[in-house]
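Novice: Quick one: the structure is below, questions incoming.
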Amino acid sequence: MRDWSDGKAYLHDLSGTDRRHPSVNAYGRLYGAPELSTDNFPVLDPAHNTATTFKASARDADTPTTHDDR
569 MRDWSDGKAY LHDLSGTDRR HPSVNAYGRL YGAPELSTDN FPVLDPAHNT ATTFKASARD
629 ADTPTTHDDR
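Just so we're aligned: 614 in this note's numbering is position 46 of the sequence shown, and the numbers increase by one with no gaps anywhere.
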């Protein structure tokens with residue numbers, strides 16, 4: 569078990585391979601799916617025991633959001 573996301577973000581799921589071909593990306597990075605809790609996507613590299621993030625922005629600047637800027 570690893571804690572590799574932000575303490576304030578809800579990590580919904582993770583992905584590391586294609587279910588139809590489970591040997592794809594063997595020993596590769598795992599990508600978290602935080603849904604609407606944050607724009608920072610967690611990335612875990614189990615081979616090197618490192619956790620990083622990358623900021624994902626919306627393709628369309630007019631995309632609706634549930635984030636309240638108050």
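Quick reminder that beta carbons are idealized off the backbone N, C-alpha and C, glycines included.
In this text, all values refer to a predicted model and were calculated from it rather than measured experimentally.
#1: When burial is assigned at 16 or more other CB atoms within 10 Å of the CB, is D604 buried or exposed?
#2: Any chance the CB of K576 is under 7 Å from a heavy atom of the ligand HEM?
#3: Apart from the five residues on each side of it in sequence, which residues of its chain come closer than 7 Å, Cβ to Cβ, to D574?
#4: Report the rounded CA-to-CA distance for D613 versus A629, giving the unit in angstroms.
#5: Who pairs with H589 in a beta bridge, going by DSSP?
Specialist: If we stick to the structure as given:
#1: Residue 604 is actually Leu in this sequence, not Asp. The residue in question, L604, is exposed, as its Cβ has fewer than 16 Cβ neighbours within 10 Å.
#2: Within the structure as shown, the ligand HEM is missing, as the structure has no ligands at all.
#3: Leaving aside the five residues that flank D574 on each side, the residues in its chain whose CB is nearer than 7 Å to its CB run, in chain order, T606 and N608.
#4: D613 and A629: Cα-Cα distance of roughly 31 Å.
#5: H589 is bridged by DSSP to D586.
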